[in-house]
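Undergrad: There's a structure below that I have some questions on.
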Amino acid sequence: MIGSLFVTGPAGTGKSTLCGALKEWFIKQEYDVAVVNLDPGSEFVPYEPDVDVREIISLPDVMSEFNLGPNGAQIVASDLMLENVDKMQEYLSEFNDYYVIFDTPGQIELFAFRQGSPMLVDKLSGGRAMLAFVTDAVLSTSPSGLVSQMMLYGSVFSRFYKPMLYIVNKTDLIGEDDLDEIKTWFNDLEELRNALFEERQEMLKDYLSGVITALQDSGMFSEIIPVSSRDFTGLEDIYSKMSLFFEGGADTDTLYRDD
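Take the sequence shown: its position 181, counted from the start at 1, is 367 in our numbering, and no numbers get skipped.
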(Lines of atoms letter the chains of each structure in order from A; the text may use other names.)
(Lines give C-alpha, C1' and ligand atoms only; values in the text may rest on other atoms or scores of the structure.)
Protein backbone atom coordinates (compact mmCIF):
# COMPACT_ATOMS: atom_id res chain seq x y z
CA MET A 187 0.00 0.00 0.00
CA ILE A 188 1.08 3.59 -0.54
CA GLY A 189 0.20 4.42 3.04
CA SER A 190 -2.49 3.89 5.63
CA LEU A 191 -4.58 6.16 7.82
CA PHE A 192 -6.04 4.79 11.06
CA VAL A 193 -9.05 6.89 12.01
CA THR A 194 -9.64 7.02 15.76
CA GLY A 195 -11.19 9.28 18.36
CA PRO A 196 -13.97 9.35 20.96
CA ALA A 197 -17.34 7.76 20.28
CA GLY A 198 -19.79 9.99 18.43
CA THR A 199 -17.25 12.14 16.61
CA GLY A 200 -18.25 10.73 13.22
CA LYS A 201 -15.27 8.49 12.48
CA SER A 202 -17.12 6.01 10.26
CA THR A 203 -18.93 8.78 8.41
CA LEU A 204 -15.58 10.47 7.81
CA CYS A 205 -14.12 7.21 6.48
CA GLY A 206 -17.04 6.90 4.07
CA ALA A 207 -16.68 10.51 2.94
CA LEU A 208 -12.94 10.08 2.42
CA LYS A 209 -13.49 6.99 0.31
CA GLU A 210 -16.01 8.84 -1.86
CA TRP A 211 -13.68 11.85 -2.18
CA PHE A 212 -10.68 9.70 -3.15
CA ILE A 213 -12.70 7.87 -5.79
CA LYS A 214 -13.98 11.14 -7.27
CA GLN A 215 -10.38 12.34 -7.55
CA GLU A 216 -9.50 9.03 -9.25
CA TYR A 217 -7.16 7.91 -6.49
CA ASP A 218 -7.01 4.24 -5.55
CA VAL A 219 -8.41 3.81 -2.04
CA ALA A 220 -9.66 1.00 0.19
CA VAL A 221 -11.51 1.26 3.48
CA VAL A 222 -11.14 -1.39 6.18
CA ASN A 223 -13.67 -1.84 8.97
CA LEU A 224 -11.80 -2.78 12.16
CA ASP A 225 -14.85 -2.75 14.42
CA PRO A 226 -16.14 -6.31 14.91
CA GLY A 227 -19.08 -4.97 16.91
CA SER A 228 -20.41 -2.47 14.41
CA GLU A 229 -23.95 -3.19 13.24
CA PHE A 230 -23.80 -0.67 10.40
CA VAL A 231 -21.09 1.26 8.57
CA PRO A 232 -21.96 4.09 6.15
CA TYR A 233 -19.73 2.77 3.35
CA GLU A 234 -18.96 -0.46 1.53
CA PRO A 235 -15.89 -1.90 3.29
CA ASP A 236 -13.22 -3.40 1.06
CA VAL A 237 -12.02 -5.50 3.99
CA ASP A 238 -14.31 -6.21 6.93
CA VAL A 239 -13.06 -7.70 10.20
CA ARG A 240 -16.61 -8.96 10.84
CA GLU A 241 -15.98 -11.61 8.18
CA ILE A 242 -13.17 -12.96 10.35
CA ILE A 243 -14.37 -12.24 13.89
CA SER A 244 -18.05 -12.55 14.81
CA LEU A 245 -19.10 -10.76 17.99
CA PRO A 246 -22.05 -13.14 18.62
CA ASP A 247 -19.64 -16.09 18.27
CA VAL A 248 -17.24 -14.49 20.75
CA MET A 249 -20.09 -13.90 23.21
CA SER A 250 -21.17 -17.51 22.88
CA GLU A 251 -17.72 -19.10 23.02
CA PHE A 252 -16.45 -17.10 25.99
CA ASN A 253 -19.79 -16.66 27.76
CA LEU A 254 -19.50 -12.87 27.71
CA GLY A 255 -21.80 -9.91 27.45
CA PRO A 256 -21.46 -7.35 24.64
CA ASN A 257 -18.84 -5.20 26.39
CA GLY A 258 -16.61 -8.07 27.39
CA ALA A 259 -16.95 -9.61 23.95
CA GLN A 260 -15.85 -6.33 22.35
CA ILE A 261 -12.63 -6.42 24.38
CA VAL A 262 -11.90 -10.06 23.50
CA ALA A 263 -12.73 -9.42 19.84
CA SER A 264 -10.31 -6.50 19.78
CA ASP A 265 -7.55 -8.74 21.10
CA LEU A 266 -8.45 -11.48 18.62
CA MET A 267 -7.68 -9.11 15.75
CA LEU A 268 -3.97 -9.47 16.45
CA GLU A 269 -4.30 -13.26 16.43
CA ASN A 270 -5.96 -13.02 13.02
CA VAL A 271 -3.61 -10.43 11.56
CA ASP A 272 -2.21 -12.86 8.97
CA LYS A 273 -5.68 -13.37 7.50
CA MET A 274 -6.24 -9.62 7.39
CA GLN A 275 -2.86 -9.07 5.74
CA GLU A 276 -3.86 -11.62 3.11
CA TYR A 277 -6.94 -9.58 2.27
CA LEU A 278 -4.94 -6.34 2.25
CA SER A 279 -2.39 -7.76 -0.21
CA GLU A 280 -4.84 -6.89 -3.00
CA PHE A 281 -4.34 -3.18 -2.33
CA ASN A 282 -0.58 -2.74 -2.80
CA ASP A 283 -0.83 0.56 -4.68
CA TYR A 284 -3.72 2.00 -2.68
CA TYR A 285 -4.24 4.43 0.12
CA VAL A 286 -5.87 2.36 2.85
CA ILE A 287 -8.15 3.92 5.47
CA PHE A 288 -8.80 1.93 8.64
CA ASP A 289 -12.03 2.63 10.52
CA THR A 290 -11.25 1.73 14.13
CA PRO A 291 -13.79 0.72 16.82
CA GLY A 292 -16.26 3.36 17.95
CA GLN A 293 -15.10 3.13 21.57
CA ILE A 294 -11.60 4.53 21.51
CA GLU A 295 -10.35 2.36 24.39
CA LEU A 296 -10.96 -0.78 22.29
CA PHE A 297 -8.32 0.43 19.85
CA ALA A 298 -6.02 2.93 21.49
CA PHE A 299 -5.59 1.31 24.89
CA ARG A 300 -5.34 -2.41 24.12
CA GLN A 301 -1.88 -3.87 24.61
CA GLY A 302 -1.53 -5.27 21.10
CA SER A 303 -2.87 -2.29 19.14
CA PRO A 304 0.49 -0.64 18.29
CA MET A 305 1.69 -3.98 16.93
CA LEU A 306 -1.55 -4.39 14.99
CA VAL A 307 -1.06 -0.98 13.37
CA ASP A 308 2.52 -1.81 12.36
CA LYS A 309 1.59 -5.20 10.91
CA LEU A 310 -1.46 -4.02 8.97
CA SER A 311 0.29 -0.94 7.59
CA GLY A 312 3.68 -2.48 6.87
CA GLY A 313 5.16 0.33 8.94
CA ARG A 314 3.59 3.05 6.77
CA ALA A 315 0.93 4.47 9.05
CA MET A 316 -0.54 7.76 10.13
CA LEU A 317 -3.31 8.27 12.68
CA ALA A 318 -6.20 10.67 12.36
CA PHE A 319 -7.57 11.75 15.74
CA VAL A 320 -11.15 12.90 15.16
CA THR A 321 -12.69 15.37 17.60
CA ASP A 322 -16.11 16.96 17.94
CA ALA A 323 -16.52 20.54 16.72
CA VAL A 324 -19.40 21.34 19.07
CA LEU A 325 -17.49 20.13 22.14
CA SER A 326 -14.45 22.10 20.99
CA THR A 327 -16.33 25.41 21.21
CA SER A 328 -15.72 25.42 24.98
CA PRO A 329 -12.16 25.75 26.31
CA SER A 330 -12.58 22.78 28.65
CA GLY A 331 -13.98 20.66 25.82
CA LEU A 332 -11.03 21.48 23.59
CA VAL A 333 -8.49 20.83 26.36
CA SER A 334 -10.06 17.48 27.26
CA GLN A 335 -9.84 16.34 23.65
CA MET A 336 -6.26 17.59 23.31
CA MET A 337 -5.31 15.60 26.41
CA LEU A 338 -6.87 12.47 24.91
CA TYR A 339 -4.98 13.14 21.68
CA GLY A 340 -1.78 13.22 23.73
CA SER A 341 -2.67 9.88 25.31
CA VAL A 342 -3.19 8.28 21.91
CA PHE A 343 0.05 9.79 20.59
CA SER A 344 1.96 8.32 23.52
CA ARG A 345 0.53 4.87 22.75
CA PHE A 346 1.45 4.75 19.06
CA TYR A 347 4.12 7.42 18.52
CA LYS A 348 3.09 7.82 14.89
CA PRO A 349 2.42 10.93 12.82
CA MET A 350 -1.03 12.18 13.81
CA LEU A 351 -3.58 14.54 12.31
CA TYR A 352 -5.82 16.53 14.65
CA ILE A 353 -9.18 16.66 12.87
CA VAL A 354 -12.17 18.67 14.07
CA ASN A 355 -15.20 17.02 12.48
CA LYS A 356 -18.80 18.22 12.15
CA THR A 357 -17.78 21.83 11.53
CA ASP A 358 -21.07 22.26 9.66
CA LEU A 359 -22.74 22.27 13.10
CA ILE A 360 -20.92 25.40 14.33
CA GLY A 361 -20.55 28.94 13.03
CA GLU A 362 -17.52 30.53 11.39
CA ASP A 363 -16.85 32.63 14.51
CA ASP A 364 -16.80 29.50 16.66
CA LEU A 365 -14.40 27.78 14.27
CA ASP A 366 -12.11 30.82 14.20
CA GLU A 367 -12.06 30.83 18.01
CA ILE A 368 -11.14 27.12 18.09
CA LYS A 369 -8.28 27.81 15.67
CA THR A 370 -7.09 30.72 17.81
CA TRP A 371 -7.09 28.61 20.97
CA PHE A 372 -5.33 25.73 19.23
CA ASN A 373 -2.59 27.94 17.76
CA ASP A 374 -2.15 30.17 20.82
CA LEU A 375 -2.26 28.16 24.02
CA GLU A 376 -1.93 31.31 26.11
CA GLU A 377 -5.27 32.42 24.69
CA LEU A 378 -6.65 28.99 25.53
CA ARG A 379 -5.26 29.26 29.05
CA ASN A 380 -7.00 32.60 29.58
CA ALA A 381 -10.29 31.34 28.16
CA LEU A 382 -10.11 28.24 30.35
CA PHE A 383 -9.52 30.34 33.48
CA GLU A 384 -12.60 32.40 32.63
CA GLU A 385 -14.72 29.30 32.09
CA ARG A 386 -13.50 27.32 35.09
CA GLN A 387 -12.81 29.95 37.71
CA GLU A 388 -13.68 27.57 40.52
CA MET A 389 -10.96 25.12 39.52
CA LEU A 390 -7.37 25.17 40.75
CA LYS A 391 -5.48 27.53 38.50
CA ASP A 392 -2.18 25.77 39.19
CA TYR A 393 -3.67 22.56 37.78
CA LEU A 394 -5.07 24.29 34.70
CA SER A 395 -1.84 26.15 34.09
CA GLY A 396 0.11 22.93 34.41
CA VAL A 397 -2.09 21.18 31.87
CA ILE A 398 -1.70 23.99 29.33
CA THR A 399 2.05 24.19 29.93
CA ALA A 400 2.38 20.44 29.37
CA LEU A 401 0.43 20.69 26.12
CA GLN A 402 2.53 23.65 25.06
CA ASP A 403 5.85 21.99 25.84
CA SER A 404 4.93 18.71 24.18
CA GLY A 405 5.26 20.09 20.66
CA MET A 406 2.52 17.68 19.52
CA PHE A 407 0.05 20.32 18.39
CA SER A 408 1.04 21.91 15.13
CA GLU A 409 -2.10 22.17 13.02
CA ILE A 410 -5.83 21.69 13.20
CA ILE A 411 -7.79 20.31 10.22
CA PRO A 412 -11.45 21.42 10.21
CA VAL A 413 -13.65 18.92 8.40
CA SER A 414 -17.28 18.36 7.55
CA SER A 415 -18.05 14.85 6.37
CA ARG A 416 -21.49 16.07 5.30
CA ASP A 417 -20.24 19.01 3.23
CA PHE A 418 -17.01 17.30 2.10
CA THR A 419 -14.92 20.22 3.32
CA GLY A 420 -11.40 19.67 4.59
CA LEU A 421 -11.00 16.24 2.97
CA GLU A 422 -8.45 17.56 0.48
CA ASP A 423 -6.35 18.77 3.42
CA ILE A 424 -6.32 15.25 4.87
CA TYR A 425 -5.23 13.83 1.51
CA SER A 426 -2.53 16.50 1.17
CA LYS A 427 -1.03 15.53 4.54
CA MET A 428 -1.10 11.84 3.63
CA SER A 429 0.41 12.44 0.21
CA LEU A 430 3.15 14.68 1.57
CA PHE A 431 4.13 12.15 4.21
CA PHE A 432 3.92 8.90 2.27
CA GLU A 433 4.88 9.94 -1.24
CA GLY A 434 7.59 12.20 0.12
CA GLY A 435 9.52 9.09 1.03
CA ALA A 436 9.19 9.32 4.81
CA ASP A 437 9.50 6.04 6.72
CA THR A 438 7.13 5.81 9.65
CA ASP A 439 9.28 3.16 11.26
CA THR A 440 12.26 5.47 11.62
CA LEU A 441 10.89 9.00 11.61
CA TYR A 442 9.60 8.72 15.16
CA ARG A 443 12.64 6.98 16.61
CA ASP A 444 15.59 8.66 18.25
CA ASP A 445 18.10 6.14 16.90
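We put the CB at the ideal spot given by N, CA and C, even for glycine.
1. If we count the other Cβ atoms within 10 Å of its Cβ and call it buried at 16 or more, is Glu422 buried or exposed?
2. Which partner residues does Asn223 have in the DSSP bridge list?
3. With H, G and I counted as helix, E and B as strand and the rest as coil, what does DSSP make of Ile424?
4. Between the segment 228 to 235 and the segment 265 to 278, do three or more beta carbon pairs fall short of 8 angstroms?
5. Measuring CB atoms only, is the segment 392 to 410 touching the segment 343 to 355, in the sense that at least three cross pairs come out at less than 8 angstroms?
6. State the start and end residues of the unbroken alpha helix (DSSP H) segment that holds Pro329.
7. Take Ile424 and list the residues in its own chain whose beta-carbon comes closer than 8 angstroms to its own, dropping the five residues that flank it on each side.
8. If you run the structure through DSSP and keep just helix, strand and coil, what is Ala197?
9. Please name the residue in Glu210, Thr370, Val221, Leu204 whose C-alpha comes closest to that of Thr327.
10. Between the Cα of Gln293 and those of Pro226, Glu280, Pro304, spot the shortest distance and give me the residue it belongs to.
TA: Short version:
1. Locating residue 422 in the sequence shown gives position 236, where the first residue counts as 1. Glu422 is exposed by the Cβ-count criterion.
2. Against the sequence shown, residue 223 aligns to sequence position 37. Asn223 pairs with Asp238, Asp289.
3. Here residue 424 corresponds to residue number 238 of the sequence shown, with the count starting at 1. Of the three classes helix, strand and coil, the one that applies to Ile424 here is helix, per DSSP.
4. no
5. yes
6. Translated into the one-based positions of the sequence shown, residue 329 becomes position 143. Taken as a continuous stretch (DSSP letters only), the alpha helix (DSSP H) holding Pro329 covers 329 to 346.
7. Along the sequence shown, one-based indexing puts residue 424 at 238. Contacts found: Leu191, Leu208, Ala318, Leu351, Ile353, Ile411, Val413.
8. Within the sequence shown, residue 197 is the residue found at index 11, counting from 1. Coil, per DSSP.
9. One-based indexing of the sequence shown puts residue 327 at position 141. Ranking Glu210, Thr370, Val221, Leu204 by Cα distance to Thr327 puts Thr370 first.
10. Here residue 293 is taken as the residue at index 107 of the sequence shown, counted from 1. Among Pro226, Glu280, Pro304, the Cα nearest to that of Gln293 belongs to Pro226.
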